[in-house]
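Student:
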Amino acid sequence: MELSVNHLLGIKYITEADIQLIFETADHFKEVINRPIKKVPSLRDITIANLFFENSTRTKLSFELAEKRLSADVINFASSSSSVTKGETLIDTVNNILSMKVDMVVMRHPNPGAGVFLSKHVDASIINAGDGAHEHPTQALLDSYSIREKLGDVAGKKVVIVGDILHSRVALSNIFALQKLGASVKVCGPKTLIPKHIEKLNVGIETNLRNALEWCDVANMLRVQNERMDISYFPTTREYTQQFGLNKAILDSLNKEIVVMHPGPINRGVEITSDVADSKQSIILEQVQNGVAIRMAVIYLLASKIKHHED
Amino acid sequence: MLSEYNSELPMSQKVLLNATEINIALNRLACQLIEKHDDFSKTVLIGIQPRGVFLAERLKTLLETEYKIKNIKLGYLDITFYRDDFRRSEKPLEANKTKIDFIVEDKNVVFIDDVLFTGRSIRSALTAMQSFGRPLEIELLTLIDRRFSRHLPIQPDYRGRQVDAINGEKVKVCWKENDGEDAVYLVKN
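These protein sequences, in sequence, are chains A and B.
Residue numbers 1 to 311, in this note's numbering, belong to the letters of the first sequence in order.
Residue numbers 312 to 500, in this note's numbering, belong to the letters of the second sequence in order.
(1) What does the Cβ neighbour count give for Ser253/A, buried or exposed, with the cut at 16 atoms within 10 Å?
(2) Only counting the same chain, and skipping five residues up and downstream in sequence, which positions put a Cβ closer than 7 Å to that of Lys248/A?
(3) Measure the Cβ-Cβ separation of Lys301/B and Lys499/B and say whether it is below 7 Å.
(4) Nearest to Ile91/A by alpha carbon, out of Ile284/A, Met107/A, Pro195/A?
(5) Enumerate in chain order the residues of its own chain whose CB-to-CB distance from Ala183/A is below 6 Å, with the five nearest sequence positions on each side excluded.
(6) From Leu313/B to Val482/B, what distance separates their C-alpha atoms?
(7) Keeping to the same chain, check which residues put their C-beta closer than 8 Å to that of Ile266/A; ignore five residues upstream and five downstream.
(8) What number of angstroms, rounded off, separates the C-alpha of Asp468/B from the C-alpha of Thr15/A?
(9) Do the stretch 32-50 of chain A and the stretch 435-444 of chain B meet, that is, are 3 or more Cβ pairs less than 8 Å apart?
(10) Using 7 Å as the limit for Cβ to Cβ distance, is Ile97/A near chain B?
(11) By the 10 Å Cβ neighbour count, where 16 or more other Cβ atoms means buried, how is Leu310/B classified, buried or exposed?
(12) Would you say Ile37/A faces chain B, with C-beta separation under 7 Å as the test?
(13) Find the residues of chain B that neighbour Met229/A, judging by a C-beta separation of less than 9 Å, and give them in chain order.
(14) Pull up the CB-CB distance for Ser435/B and Ile465/B, whole angstroms please, since I reckon it's below 8 Å.
(15) Buried or exposed for Cys216/A, going by 16 or more other Cβ atoms inside 10 Å?
(16) So does the stretch 404-411 of chain B actually touch the stretch 366-381 of chain B, counting three or more Cβ pairs closer than 8 Å?
(17) Give me the Cβ distance between Glu135/A and Ser173/A, rounded to the nearest whole Å; I'm assuming they're in contact under 8 Å.
(18) Please state the DSSP three-state secondary structure of Phe52/A.
(19) By the 10 Å Cβ neighbour count, where 16 or more other Cβ atoms means buried, how is His197/A classified, buried or exposed?
(20) Tell me which residues of the stretch 24-53 of chain A have at least one Cβ-Cβ distance to chain B shorter than 9 Å, keeping chain order.
(21) In angstroms with no decimal places, state the Cα-to-Cα distance between Glu206/A and Glu214/A.
(22) Going by alpha carbons, who is nearest to Leu193/A out of Ile165/A, Lys38/A, Phe52/A, Ser56/A?
(23) Which residues bound the beta strand (DSSP E) around Thr354/B?
(24) Can you list, in chain order, the residues of its chain with a C-beta nearer than 6 Å to that of Tyr233/A? Leave out the 5 residues immediately preceding and following it.
(25) Check the Cβ of Ser304/A against every Cβ in chain B and list those closer than 8 Å, keeping chain order.
(26) I'd like to know if Glu2/A contacts chain B, where contact means its C-beta is closer than 7 Å to some C-beta of that chain.
(27) Since Gly163/A contacts Phe53/A with CB under 8 Å, what's their CB separation in whole angstroms?
(28) If we define contact as Cβ-Cβ less than 7 Å, is Ser442/B a contact residue for chain A?
(29) Which residues in the same chain as Asp311/A place their Cβ atom closer than 7 Å to its Cβ, once the five residues preceding and following it in sequence are excluded?
(30) Rounded to whole angstroms, what is the Cα-Cα separation between Arg339/B and Glu368/B?
(31) Go ahead and pull the three-state DSSP assignment for Val154/A.
(32) When the distance is taken between beta carbons, is Gln360/B closer than 7 Å to Tyr387/B?
(33) Can you say whether Gly491/B is buried or exposed, counting buried as having 16 or more other CB atoms within 10 angstroms of its CB?
(34) State buried or exposed for His121/A, treating a residue as buried only when at least 16 other CB atoms are found within 10 Å of its CB.
(35) Can you tell me which residues form a DSSP beta bridge with Ala219/A?
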């Protein structure tokens, strides 16, 4: 079995079989990262560049750790401290980096489609680590993987994604991944933060949090992305919290125990209260741990498609 | 020893060991292990994935039922991520399950694999083992030892049968639980 693609640009471009292969490979890596020595030598001859044109803590650390656990050589780049601010184009930046014999690029970029664009112009395997409000494929993979781990399977499960759907790449990638794996998906949030025409993706829309929670098996709580909001989408944060914040009272009043997820970073007290985030129904920290295993699997499977050169 | 050539098939195969001969070899290997490792209190068996696991399971069952040795620790080790031919073969390398739920530190480890050929798998297994701690010593048990084919200075400590096979030939070990019969074949292309 091998992946049907040479780049991971988005969940939209991969098949269900690809996702299952990534999950099965991640199972093995999860065992590896729980050993006394958490490193395997598979990617000794691979060099990976992490290009972050937008801030990130968790994703960047997770990718870097995954790369190092596979023994790849890693170089890091952050746009704030680079020549991008001097006016260099994306292709020039990346080609300069690739001329230093880099095999794979992990890129986060504020512009949607940056990864797709790059994959057409440079000769390296590209992994999208988030492009604007478009896709964040590895996050969606680790979310589905965490659901599979917690509930046994993703197929047939009901998942509600709550919050700022409009500005969220996590939401879009999650919708594609969950649907490909056979789950049904609803989105829930203020009408101003739900994108137009989202129902075309076969996604249910709910504007009442309680109704959404009554329906679902899993609630994925998203952060309100203040930094992407050019205008006011709701009156006050307090009002948002009252209507769409997940707290212990509403969780306990449900007649079932749902799984609570959050892709991070959490705004405690806004979209989720501290006692819910730290409760046993929450799998937030499992998601972070699975993130490393999933990224190892993606990197390993893509690297095995890079042909070995005898030089 | 039974020798059968099947000329009708494009691929001819010759029986190297039949079920009875495998059984005799397994009993001898079990006895040799007992000679060295006594009650196995400081010894663990590690089956190399994927094909060494069948042999390891057989030996464990034999030691427990025929020779009344209790509490034998058996683990499986997958070497995929430690192989030196990543990206050099046409097919991607597929991993198997590693299951070692005991401590190997200061234990006598016996690697168990069905065929010893180039020695590269065992080289990978030795590297993989380091991720689990520092064993006192590591030995190698193999059912079939293909002579004159080693790429590395690795030799078995216990062997079922030594075989001379040229490079184009393959040695195929079949187990009842997986392949329907106990037999070892030499397959010629």
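All C-beta atoms, glycine included, are put in the ideal place defined by N, C-alpha and C.
Tutor: A quick look at the data gives this:
(1) Numbered from 1 along the first sequence, position 253 holds the residue referred to as residue 253/A. Classification for Ser253/A: exposed.
(2) In the first sequence, the residue the question calls residue 248/A occupies position 248. Thr273, Asp275, Val276, listed in sequence order.
(3) A query on residue 301/B cannot be resolved here, the shown segment of chain B reaching from 312 to 500 and no further.
(4) Counted from its first residue, the first sequence places residue 91/A at position 91. Nearest option by C-alpha distance: Met107/A.
(5) To locate residue 183/A, count along the first sequence from 1; it is residue 183. Val154, Lys157, Val159, listed in sequence order.
(6) In the second sequence, counting from the first residue as 1, residue 313/B sits at position 2. In the second sequence, counting from the first residue as 1, residue 482/B sits at position 171. Only weak support exists for where Leu313/B lies, its pLDDT of 43 falling under 50; the coordinates are left without a value.
(7) One-based indexing of the first sequence puts residue 266/A at position 266. So the qualifying residues of the chain are Arg223, Ile272, Ala277, Ile284.
(8) Counting from 1 along the second sequence, the entry for residue 468/B is found at position 157. Counting from 1 along the first sequence, the entry for residue 15/A is found at position 15. Those two C-alpha atoms are separated by around 47 Å.
(9) yes
(10) For the purposes of this step, residue 97/A is identified with residue 97 of the first sequence, where counting begins at 1. Chain B, which has no Cβ nearer than 7 Å to the Cβ of Ile97/A, makes this no.
(11) Nothing can be reported for residue 310/B: it is not among the residues displayed for chain B, which extend from 312 to 500.
(12) Here the question's residue 37/A lines up with position 37 in the first sequence. Chain B, which has a Cβ nearer than 7 Å to the Cβ of Ile37/A, makes this yes.
(13) Translated into the one-based positions of the first sequence, residue 229/A becomes position 229. In chain order: nothing, as chain B lies at least about 43 Å away.
(14) Here residue 435/B refers to the residue found at position 124 of the second sequence. Here residue 465/B refers to the residue found at position 154 of the second sequence. Incorrect: roughly 11 Å between the Cβ atoms, too far for contact.
(15) In the first sequence, counting from the first residue as 1, residue 216/A sits at position 216. Its Cβ being crowded by 16 or more others within 10 Å, Cys216/A is buried.
(16) no
(17) In the first sequence, residue 135/A corresponds to position 135, counting from 1. In the first sequence, residue 173/A corresponds to position 173, counting from 1. With 8 Å as the limit, Glu135/A and Ser173/A qualify as a contact, their Cβ atoms being about 5 Å apart.
(18) Taking the first residue of the first sequence as 1, we reach residue 52/A at position 52. Strand, per DSSP.
(19) Taking the first residue of the first sequence as 1, we reach residue 197/A at position 197. It is exposed - the Cβ of His197/A has fewer than 16 other Cβ atoms within 10 Å.
(20) Glu24, Thr25, Asp27, His28, Phe29, Glu31, Val32, Arg35, Pro36, Ile37, Lys38, Lys39, Val40, Pro41, Ser42, Leu43, Arg44, Asp45, Ile46
(21) Reading the first sequence from its first residue, position 206 is the one you call residue 206/A. Reading the first sequence from its first residue, position 214 is the one you call residue 214/A. Approximately 11 Å, taken between the alpha carbons.
(22) Walking along the first sequence from the start, residue 193/A turns up at place 193. Answer by Cα proximity: Ile165/A.
(23) Locating residue 354/B in the second sequence gives position 43, counting from the first residue. First-last of the beta strand (DSSP E) with Thr354/B: 354-359.
(24) If you number the first sequence from 1, residue 233/A lands on position 233. Excluding residues within five positions, the ones whose Cβ falls inside 6 Å are Thr192, Leu193.
(25) In the first sequence, residue 304/A corresponds to position 304, counting from 1. Here the neighbours are Phe397, Arg398, Pro403, Leu404.
(26) Indexing the first sequence from 1 puts residue 2/A at position 2. Yes, its Cβ sits closer than 7 Å to a Cβ of chain B.
(27) Locating residue 163/A in the first sequence gives position 163, where the first residue counts as 1. Locating residue 53/A in the first sequence gives position 53, where the first residue counts as 1. Their Cβ separation, rounded to whole angstroms, is 24 Å, which puts Gly163/A and Phe53/A out of contact at 8 Å.
(28) Your numbering for residue 442/B matches position 131 in the second sequence. Yes, Ser442/B counts as interfacial toward chain A.
(29) To locate residue 311/A, count along the first sequence from 1; it is residue 311. Confidence at Asp311/A is low in this model, with a pLDDT of 44, below 50, so its placement is unreliable and the value that follows should be read with caution. For Asp311/A, where only same-chain residues beyond five positions count, there are no Cβ hits under 7 Å.
(30) By one-based count along the second sequence, residue 339/B stands at place 28. By one-based count along the second sequence, residue 368/B stands at place 57. Each residue's alpha carbon lies about 16 Å from the other.
(31) Within the first sequence, the letter at position 154 stands for residue 154/A. Coil.
(32) Residue 387/B sits at position 76 when you count from the first residue of the second sequence. Residue 360/B sits at position 49 when you count from the first residue of the second sequence. Contact flag set, yes.
(33) Here residue 491/B corresponds to residue number 180 of the second sequence, with the count starting at 1. By the 10 Å Cβ count, Gly491/B comes out exposed.
(34) Here residue 121/A is taken as the residue at index 121 of the first sequence, counted from 1. With fewer than 16 other Cβ atoms within 10 Å, it is exposed.
(35) Your numbering for residue 219/A matches position 219 in the first sequence. DSSP output for Ala219/A lists Val160/A, Val260/A as bridge partner(s).
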